[in-house]
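Visitor: For what it's worth, the numbering used here labels the leading residue of the sequence shown as 1, then goes sequentially. Cβ coordinates follow ideal geometry from the N, Cα and C atoms, glycine included.
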Amino acid sequence: MKMTMVLILVCVSGLWTGARADAGEQHTAQDSLYATWKDSRQTDSVRVQAFKTYIWDGYLFSNPDSAIVLAEEMRRFGEEQNYPIAEYQSYTLLSIAHNFLGNNALSRDYIRKSLAGNEAIGNLPGISECEIVIGVAYDEQGNHPRALEHYHKALSIDEKIGNKEGMAMSINNIGNIYRMQGEYSDALEYYERALAIDEELGVKQGIAVELVNIGGILNSKGDTTSALEHFERALALYEEIGDKEGKASVIKTIAGIYHYNGQDARALAYYEEALKIYEEIGYVRGLAETLESIGRYYLNQGETHRALEYCQTSLAYAEEVASLQVQENACKCLYVAHKTLGDNGKALKYHEQMIAARDRLYNEENTKKLTQLQMQYDFDKKEAATQAEQEKKDAIARQELKRQKLVRNGFMGGFAVVLLFAGVFLVQRNRIGKERQRSEKLLLNILPEETAQELKKKGHADAQLFEEVTVLFTDFKGFTAMSEKLSPEELVKDLHLCFSLFDQICEKYGIEKIKTIGDAYMAAGGLPTPNSTHAQDVVSAALEMAKVVEDGKTKKIVQGLPFFEVRVGVHTGPVVAGIVGIKKFQYDIWGDTVNTASRMESSGKVGRVNISQTTYDLLKENPQYAFESRGKIKAKGKGEIEMFFVSKA
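1. Please work out which residues of its chain come closer than 6 Å, Cβ to Cβ, to glycine 126, disregarding the five sequence neighbours upstream and downstream, and give them in chain order.
2. Just to confirm, is the Cβ distance from threonine 290 to tyrosine 298 under 7 Å?
3. In whole angstroms, what separates the C-alpha of asparagine 176 from that of isoleucine 557?
4. What's the call for valine 646, buried or exposed, on a 16-neighbour Cβ count within 10 Å?
5. Measuring only the C-alpha atoms, how far is alanine 137 from serine 114?
6. Is the separation between the beta-carbon of glutamate 320 and that of glycine 142 shorter than 7 Å?
7. Do glycine 518 and aspartate 537 have their C-beta atoms closer together than 7 Å?
8. Take leucine 235 and list the residues in its own chain whose beta-carbon comes closer than 6 Å to its own, dropping the five residues that flank it on each side.
9. Could you pull out every residue in the same chain whose Cβ sits closer than 8 Å to the Cβ of serine 66, ignoring the five residues on either side in sequence?
10. Helix or strand or just coil, what does DSSP make of glycine 242?
11. I'd like the list of long-range same chain contacts for serine 540, defined as Cβ closer than 8 Å, with 5 residues on each side in sequence excluded.
12. Helix, strand or coil for glycine 459, going by three-state DSSP, please let me know.
13. Taking the C-alpha atoms as reference points, what is the distance between isoleucine 633 and leucine 324?
14. Could you check if isoleucine 514 is buried or exposed, using at least 16 other CB atoms within 10 Å of its CB as the buried criterion?
15. Below 8 Å on the Cβ atoms is my guess for valine 212 versus histidine 230; work out the distance and round it to an integer in Å.
16. Kindly indicate which three-state DSSP category phenylalanine 100 falls into: helix, strand or coil?
17. Looking at the unbroken alpha helix (DSSP H) that takes in aspartate 475, where does it start and where does it end?
18. Roughly how far, in whole angstroms, is the beta-carbon of valine 606 from the beta-carbon of glutamate 544, given that I think they are within contact range, below 8 Å?
19. Below 6 Å, is the gap between the Cβ of valine 606 and the nearest heavy atom of the ligand SAM?
20. Take glycine 552 as the anchor and find which of Phe502, Pro64, Leu527, Ala356 has the nearest alpha-carbon.
21. Assuming phenylalanine 473 contacts alanine 597 under a Cβ cut-off of 8 Å, what Cβ separation, rounded to an integer in Å, is found between them?
22. Under the DSSP definition of a beta bridge, which residues are partnered with methionine 522?
23. Excluding the five sequence neighbours on either side, which residues of its own chain have a C-beta within less than 6 Å of the C-beta of alanine 194, listed in chain order?
24. Let me know the secondary structure DSSP gives arginine 608 once reduced to three states.
25. Just list the residues that DSSP pairs valine 576 with in beta bridges.
26. Distance, Cα to Cα, glutamate 642 vs lysine 332?
27. Flag this pair as yes or no: are the beta carbons of valine 570 and isoleucine 589 separated by less than 7 Å?
28. According to the neighbour-count rule (16 or more other Cβ atoms, all chains shown, within 10 Å of its Cβ), is valine 46 buried or exposed?
29. Taking a contact to mean a Cβ-Cβ separation below 7 Å, would you say glycine 295 touches tyrosine 310 in this structure?
30. Leaving out the 5 sequence neighbours to the left and right, which residues in its chain are closer than 7 Å to leucine 495 when beta-carbon positions are compared?
31. Helix, strand or coil, according to DSSP, for valine 646 in the structure here?
32. Can you name the start and end residues of the alpha helix (DSSP H) that lysine 164 belongs to?
33. Give the straight-line distance between the Cα atoms of arginine 608 and alanine 542, rounded to the nearest whole angstrom.
34. Roughly how many angstroms separate the alpha carbons of threonine 313 and valine 548, rounded to a whole number?
35. Drop a sphere of 10 angstroms on the beta-carbon of glutamate 200, count the other beta-carbons inside from all chains shown, and report buried for 16 or more, exposed for fewer.
36. Could you tell me how far apart the beta carbons of glutamate 273 and lysine 244 are, in whole angstroms, since I believe they sit closer than 8 Å?
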């Protein structure tokens, strides 16, 4: 299995962050916290906060059994002192500790008690913590839509109360969801946002988490050197703050890189070190992940029976904690092992189990739910900001109206002055009319006409689910090389000329340009007004775009100048479309269809239009086109996909 999959599994500690003391100060700080807890002269709130930090920093992620004993002590204190916050905090800590130990039923029971209690007393920080813990539980089970829903609830609360540390935690966790879905650019954006907050606050555990996650994205892009630098920095931080679980997760990740790069002895040593730490702290999911990694290591070494032993144990642990991701990987290991040994019956059994786990993780319905949840959150946030801005304008308008009433009487006798103001009004009205026309034109350049009209009418535009559209991606080969040979002005001029021609082609075929991303161009047919010709429109446009670039290449060669070459990819499927942004609107589309279209482009060849099976099925009877089957091609993050080159017949 390639490292992209290994890194998707990185760092469940990324779901939990908290402030820690430096290594040299940690023991003293812990003693001080415990002394505060035992000091009856302190207020209950000070004592409980100190004890919570004492448990979190000293035991929760390294010795969950001891954390349970201490949390029970906090619970009894809350009951005896009639201080409910202590009781509900203890339930949250107990839930996390039991989750680490694989006691899922107990974990769920405690967090439900905590959430109900915190809601009853209106304790917003406590509610936010509960939402994160619940989100983590769903995340580990592979129920990403439910996890995202709870992360957004926590984020909204923390934004409201200004809890930056909680915000960073939720933002990082949302990034994890996107990474699991293969949407690495979105994941990286969230990780970097979380990192900026934790660096501002000095939260070392949070910084370590985000360094690991960013390193995972870098490694998936092939930048192993930078990835390892991020991992080593994170490892140093985990060692400094004494976070054993975080340390083990980084060690396991580094082992995966060594394994992928053929450094087998180092890989196995690192895997075994991580396994030892997970066994020490009793973290079941970590055990499941590491055992599967070691099993895969032995599988690659040809030691099939040892691989079976490790992967079978991994699967048992994964089922115990209901982790679909680890179940999928363990079943794949067992499938390959049994197939290698010639036991086709067992191989088929585990292959079917692997597919079932994968389908539950990545099914289309989950993708739709994720996209809709994210869109709803973005729209709610935009609407709240717009409403606040409107309320501010209304207040200013009311003040202005009062002022005008006061001065109105002073002008009642000045008819000439009235005429003067009437003239000014007419001039101003004409100017406003011209500005309105200019704004209208600009808005239509940014948004589809239907969406622009909805935005003007309602003040917002609702996200829409389109069941079937065709998405196009282009990307230039040789762009980086050209940037080294041309001045920035010449490079931008060439890019602008090419994209302007693409814009004209989109207009010709009635397809919607979505955006440009660097030297990539994205468009879609079948929205905002659905139609039945979207696949034909987009493929015809794609072929014309490829020809435009090829013609430009020919001219550049004759002139002895550097040139662009282009890959074009097309895929058909459902998307969610809507407006993002508050000050700078942008019409955009989301969903697995977009990701697959991008993979069609990156898996294609220069000068060719590469389409998916779905698009092919819509056009295969069309006499305008000729198709060349490419068979199943492996696409990053998507497995094997049936692909076809298309050309004019």
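Guide: Reading from the atomic positions:
1. In the sequence shown, the residue the question calls residue 126 occupies position 126. Counting only Cβ-Cβ distances below 6 Å, and skipping sequence neighbours, we find Tyr88, Asn118.
2. Along the sequence shown, read from residue 1 onward, the residue named residue 290 stands at position 290. Along the sequence shown, read from residue 1 onward, the residue named residue 298 stands at position 298. In this structure, tyrosine 298 does not lie closer than 7 Å to threonine 290 by Cβ.
3. As a first step, residue 176 is located in the sequence shown; it is residue number 176 there, counting from the start. As a first step, residue 557 is located in the sequence shown; it is residue number 557 there, counting from the start. If you take the alpha carbons of asparagine 176 and isoleucine 557, they lie about 46 Å apart.
4. Within the sequence shown, residue 646 is the residue found at index 646, counting from 1. With 16 or more other Cβ atoms within 10 Å, it is buried.
5. Residue mapping note: residue 137 aligns to position 137 of the sequence shown, counting from 1. Residue mapping note: residue 114 aligns to position 114 of the sequence shown, counting from 1. If you take the alpha carbons of alanine 137 and serine 114, they lie about 15 Å apart.
6. Numbered from 1 along the sequence shown, position 320 holds the residue referred to as residue 320. Numbered from 1 along the sequence shown, position 142 holds the residue referred to as residue 142. No; because the gap between Cβ atoms is not below 7 Å, this pair is not in contact.
7. Residue 518 sits at position 518 when you count from the first residue of the sequence shown. Residue 537 sits at position 537 when you count from the first residue of the sequence shown. No, Cβ-Cβ distance for glycine 518 and aspartate 537 is not below 7 Å.
8. By 1-based counting over the sequence shown, the position of residue 235 is 235. The residues are Val250.
9. The count along the sequence shown starts at 1 and reaches residue 66 at position 66. Excluding sequence neighbours, serine 66 sits near Tyr59.
10. Here residue 242 refers to the residue found at position 242 of the sequence shown. Here glycine 242 carries a coil assignment [DSSP, helix/strand/coil].
11. As a position in the sequence shown, residue 540 is number 540, starting the count at 1. Excluding sequence neighbours, serine 540 sits near Tyr509, Gln624.
12. Here residue 459 refers to the residue found at position 459 of the sequence shown. Caution applies to glycine 459, whose pLDDT of 46 falls short of 50 and renders its modelled position unreliable; the value that the coordinates give is listed next. Coil.
13. Locating residue 633 in the sequence shown gives position 633, where the first residue counts as 1. Locating residue 324 in the sequence shown gives position 324, where the first residue counts as 1. Cα-Cα distance, rounded: 25 Å.
14. For this step, residue 514 is matched to residue 514 along the sequence shown. Classification of isoleucine 514: buried, given that the 10 Å Cβ count is 16 or more.
15. Taking the sequence shown and counting its residues from 1, one reaches residue 212 at position 212. Taking the sequence shown and counting its residues from 1, one reaches residue 230 at position 230. About 7 Å separates the two Cβ atoms, so the contact holds.
16. The sequence position of residue 100 within the sequence shown is 100, counting from 1. In the structure shown, phenylalanine 100 sits in a helix (DSSP, three-state: H, G or I).
17. The sequence position of residue 475 within the sequence shown is 475, counting from 1. That residue, aspartate 475, is in no alpha helix (DSSP H); its beta strand (DSSP E) goes 464-477.
18. Working through the sequence shown from its first residue, we reach residue 606 at position 606. Working through the sequence shown from its first residue, we reach residue 544 at position 544. With a beta-carbon spacing of about 17 Å, valine 606 and glutamate 544 fall beyond the 8 Å limit used to define contacts.
19. In the structure on display, the ligand SAM does not appear, and there are no ligands present to speak of.
20. Taking the first residue of the sequence shown as position 1, residue 552 is located at position 552. Taking only the C-alpha atoms, the option nearest glycine 552 is Phe502.
21. Residue numbering aside, residue 473 sits at position 473 when the sequence shown is read from its first letter. Residue numbering aside, residue 597 sits at position 597 when the sequence shown is read from its first letter. Rounded, the Cβ-Cβ distance is 5 Å, consistent with contact.
22. Within the sequence shown, numbered from 1, the residue matching residue 522 stands at position 522. Per DSSP, Phe473, Lys515.
23. As a first step, residue 194 is located in the sequence shown; it is residue number 194 there, counting from the start. Answer for alanine 194: Ala168, Ile171, Asn172, Glu210, listed in chain order.
24. Position 608 of the sequence shown, counted from the start, is the residue given in the question as residue 608. Looking at arginine 608 - three-state DSSP - the assignment turns out to be coil, as it is neither helix nor strand.
25. Start at 1 with the first residue of the sequence shown, and residue 576 comes out as number 576. Per DSSP, Leu465, Trp590.
26. For the purposes of this step, residue 642 is identified with residue 642 of the sequence shown, where counting begins at 1. For the purposes of this step, residue 332 is identified with residue 332 of the sequence shown, where counting begins at 1. Roughly 21 Å separates the two Cα atoms.
27. Taking the first residue of the sequence shown as position 1, residue 570 is located at position 570. Taking the first residue of the sequence shown as position 1, residue 589 is located at position 589. It is not a contact, given that the beta carbons lie outside the stated cut-off.
28. In the sequence shown, counting from the first residue as 1, residue 46 sits at position 46. Its Cβ having fewer than 16 others within 10 Å, valine 46 is exposed.
29. Position 295 of the sequence shown, counting from 1, holds the residue named residue 295. Position 310 of the sequence shown, counting from 1, holds the residue named residue 310. Yes, they are a contact pair.
30. Here residue 495 refers to the residue found at position 495 of the sequence shown. Excluding residues within five positions, the ones whose Cβ falls inside 7 Å are Asp519.
31. Against the sequence shown, residue 646 aligns to sequence position 646. Looking at valine 646 - three-state DSSP - the assignment turns out to be strand.
32. Within the sequence shown, residue 164 is the residue found at index 164, counting from 1. That run of the alpha helix (DSSP H) goes 164-180.
33. If you number the sequence shown from 1, residue 608 lands on position 608. If you number the sequence shown from 1, residue 542 lands on position 542. Cα-Cα distance, rounded: 9 Å.
34. Translated into positions along the sequence shown, residue 313 becomes position 313. Translated into positions along the sequence shown, residue 548 becomes position 548. Distance between the alpha carbons of threonine 313 and valine 548 is about 57 Å.
35. Sequence index remark: in the sequence shown, residue 200 carries index 200 (1-based). So glutamate 200 counts as exposed.
36. Taking the first residue of the sequence shown as 1, we reach residue 273 at position 273. Taking the first residue of the sequence shown as 1, we reach residue 244 at position 244. With a Cβ gap of about 11 Å, glutamate 273 and lysine 244 do not count as contacting.
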